[in-house]
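Peer 1: The sequence shown runs contiguously to residue 144 in my numbering.
The following block contains the structure, expressed as structure tokens.
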Amino acid sequence: MARILIIDDDFEIVEIVTEVLKHDGHEVSSAPDPVEGMKMARAVKPELIILDYHMPGNTGAHLYESLRRNNATKATPILFVSGEADPEQILAEISDTEGSRFLPKPIHLVEFRKTIAELLAGRKEN
Numbered sequence: 019m020a021r022i023l024i025i026d027d028d029f030e031i032v033e034i035v036t037e038v039l040k041h042d043g044h045e046v047s048s049a050p051d052p053v054e055g056m057k058m059a060r061a062v063k064p065e066l067i068i069l070d071y072h073m074p075g076n077t078g079a080h081l082y083e084s085l086r087r088n089n090a091t092k093a094t095p096i097l098f099v100s101g102e103a104d105p106e107q108i109l110a111e112i113s114d115t116e117g118s119r120f121l122p123k124p125i126h127l128v129e130f131r132k133t134i135a136e137l138l139a140g141r142k143e144n
């Protein structure tokens, strides 16, 4: 299946999402903050990144922009997740939303799995 990187400071969410994704056959890595997330993105070369929008010290928007400037991750689909932000706020703060989606926390598994499949399918088409 796919290599997926989760960048989220909420350990419980990371644990649950990791279990679901591994059960679905994906290879999963995670990072607890934006700095480690950028390092992991360069090392792992994920096919999809799941990015928490609100993390201490940095927003997902700042990390998103950094990921888009990096050759290794500029075309990688990104799924924003957040319990505090709405899609309009996210879209207003980032420059290019192509290949990106948003899901609110708490994550609903049916919608989550469907969104993951759509993002990965879109990557294969490009």
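Glycine included, each C-beta is placed from N, C-alpha and C at the ideal position.
Would you say His126 reaches chain B, if we count a Cβ-Cβ gap shorter than 8 Å as a contact?
Peer 2: Included in the structure is just one protein chain, with no chain B present.
Peer 1: Alpha carbon to alpha carbon, what distance is there between Gly75 and Ile22?
Peer 2: Cα-Cα distance, rounded: 23 Å.
Peer 1: Given that a residue counts as buried once 16 or more other Cβ atoms are within 10 Å of its Cβ, and exposed if not, what is Leu127?
Peer 2: Flag for Leu127 reads exposed.
Peer 1: Please state whether DSSP places Thr77 in a helix, a strand or coil.
Peer 2: Note: Thr77 maps to strand in three-state DSSP.
Peer 1: What does a CB cutoff of less than 6 Å around Val46 pick up in its chain, not counting 5 residues either side in sequence?
Peer 2: Around Val46: Ile22, Thr36, Leu39, Lys40.
Peer 1: Please report the distance separating the alpha-carbon of Lys132 from that of Ile67.
Peer 2: Looking at the two C-alpha atoms, the distance is approximately 15 Å.
Peer 1: Following the continuous beta strand (DSSP E) through Glu45, name the residue where it begins and the one where it ends.
Peer 2: Element bounds for Glu45: 45-49.
Peer 1: Please state the DSSP three-state secondary structure of Pro52.
Peer 2: In this structure, Pro52 counts as helix in the three-state DSSP scheme.
Peer 1: CB-CB under 8 Å to Val99, same chain, minus the five flanking residues each way: which ones, in chain order?
Peer 2: Here the set comprises Asp26, Ile31, Ile68, Leu69, Asp70, Tyr71, Phe120, Leu121, Pro122, Lys123, Ile125.
Peer 1: Excluding the 5 residues flanking Asn88 on each side, which residues of the same chain have their C-beta closer than 8 Å to its C-beta?
Peer 2: Answer for Asn88: Met56, Ala59, Arg60, listed in chain order.
Peer 1: Mapping the DSSP letters down to three states, classify Ile125 as helix, strand or coil.
Peer 2: Coil.
Peer 1: For my contact list, His44 and Ala79 are in at a C-beta cut-off of 8 Å; report their separation, rounded to the angstrom.
Peer 2: Not confirmed; about 25 Å, so no contact.
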